[in-house]
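Novice: Just dropping this structure here.
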Amino acid sequence: MTRAQRVLATAGVVAIGYALLFFSILPVPLLEPEAVDSILPVLPWWALVTFGAYCLGRLGWHVMTIRDCPEAYHELMSEISAAKNDLRAKGVTVD
Amino acid sequence: MSLVLDMNPPSSTSKYSVILPTYNERKNLPIIIWLIAKTFTEHQLDWEIIVVDDASPDGTQEIAKQLIGVYGEDRILLKPRAGKLGLGTAYIHGLNFCTGEFVIIMDADFSHHPKFIPEFIKLQQTYNLDIVTGTRYRKTPTPRLADSVTPAGGVYGWDVKRKLISRGANIFADTVLSPGVSDLTGSFRLYRLPVLRHIISLAQSKGYVFQMEMMVRAQALGYTVGEVPITFVDRIYGDSKLGADEIVGYAKGVFQLFAGV
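Each protein sequence line maps, in turn, to chains A and B. Be aware that the first sequence starts at 120, since it is given in my numbering, and climbs by one per residue. Be aware that the second sequence starts at 744, since it is given in my numbering, and climbs by one per residue.
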């Protein structure tokens, strides 16, 4: 089963569950009907906005916290010089 | 001067084969081989490098032959090909000549530093992993290592725009594919030889999507994967262009993996 098939199957089950609740075929336990009526229709949009906010938050957080490593660059440059000298001494053509 | 990364270096009696696909790497090849050789020798590991050159017109193969003279025919193998045939097939070609139990793939343009190879080996041995991949996006290895050096990992040479694009692409692929690794397009990896053979035989894409596909397939097949933070020094020679075409190609590649694996 490919990932796409798994995701579609899960989405299908969730959609059917939501439709059953939305069209009042199944009752929602624990909440009053007025609360259910105001929450259920907007639930998908809420989920979408929350997901979008989560993704943006992740993006911003990681761009802020990804480490810059200038020390790696400097270390690499000096290693390249050392390598060139050593290799030239051993007879390798180094441009 | 080389930076010793940790106080408990790995000791291993396994042999490690490095496959280096090259095209016009006349300038970089001797230096990257010098760095790899130095790392392996310092850590007393058995090694070989397989240079797969796609008929470079700049004389890369002559330099490779000089290096064989310096390091020995048992350490450096030059296995050229007739033309520019692509990365995936370069690995397949190189795999035919590997005599090690483990294979390391990496870039020859200094964006990947061989000093991390002992870190990969150590993580692999600690948890008996099938694959270890380098990541630019994490600061600690996963699974956790008790004595890892902090801070670790990072990038050099990326402006904010590049970081945004890279991280955005990463989050997109992570959401669609849930691959279980933080750096999906990274190409600095250690594989157990039979694992690499198996995954490569199933892979169908090209370029960096190929690297993504390897990770996604590895996860789907149940191979164990660990990650080690690496420092990624980008493009010290030359510019890279990230255009709209590449972004579209990337999105297509991700969806192909979504629907195909």
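The beta carbon of each residue, even a glycine, is placed where N, CA and C say it ideally should be.
In terms of alpha-carbon separation, which member of V959(B), T928(B) and K865(B) lies closest to I942(B)?
Specialist: The option with the nearest alpha carbon to I942(B) is V959(B).
Novice: With a threshold of 7 Å between beta carbons, is V211(A) in contact with chain B?
Specialist: It does; some Cβ of chain B falls within 7 Å.
Novice: DSSP three-state call for M196(A): helix, strand or coil?
Specialist: It is helical.
Novice: By Cβ distance below 6 Å, which residues in the same chain neighbour T967(B) in space, the five residues on each side in sequence not counted?
Specialist: These residues qualify, in order along the chain: L872 and D873.
Novice: Starting from W180(A), follow its DSSP beta bridges and name the residues at the other end.
Specialist: DSSP lists no partner for W180(A).
Novice: Can you tell me where the alpha helix (DSSP H) with P773(B) in it begins and where it stops?
Specialist: From DSSP, the alpha helix (DSSP H) with P773(B) extends over L772 to E785.
Novice: Does DSSP put F975(B) in a helix, in a strand, or in coil?
Specialist: Of the three classes helix, strand and coil, the one that applies to F975(B) here is strand, per DSSP.
Novice: Contact criterion: CB-CB distance below 7 Å. Does T121(A) meet it with respect to chain B?
Specialist: Chain B, which has a Cβ nearer than 7 Å to the Cβ of T121(A), makes this yes.
Novice: Please list the partners that A987(B) has in chain A, where partner means a Cβ-to-Cβ separation under 9 Å.
Specialist: Chain A residues near A987(B): none, gap ~19 Å exceeds 9 Å.
Novice: Quick check on DSSP: helix, strand or coil for L945(B)?
Specialist: In the structure shown, L945(B) sits in a helix (DSSP, three-state: H, G or I).
Novice: With the cut-off set at 7 Å, would you say P857(B) and G969(B) are in Cβ contact?
Specialist: No, these two residues do not count as a Cβ contact at 7 Å.
Novice: Might you give, ordered along the chain, the residues of its own chain that have their beta carbon closer than 6 Å to the beta carbon of Y880(B), omitting 5 neighbours on each side?
Specialist: Within the same chain, Y880(B) has close Cβ partners S925 and D926.
Novice: Could you pull out every residue in the same chain whose Cβ sits closer than 6 Å to the Cβ of E785(B), ignoring the five residues on either side in sequence?
Specialist: Here the set comprises nothing.
Novice: Look up Y899(B) in the DSSP assignment and give the residues it is bridged to.
Specialist: Looking at the DSSP assignment, Y899(B) forms a beta bridge with V976(B).
Novice: List the residues of chain A that F853(B) touches, going by C-beta distances under 7 Å, in chain order.
Specialist: L195, listed in chain order.
Novice: Taking P972(B) and G896(B) to be in contact with their CB atoms under 8 Å, please state how far apart those CB atoms are, rounded to whole angstroms.
Specialist: Going by Cβ atoms, the distance from P972(B) to G896(B) rounds to 3 Å, so yes, they are a contact pair.
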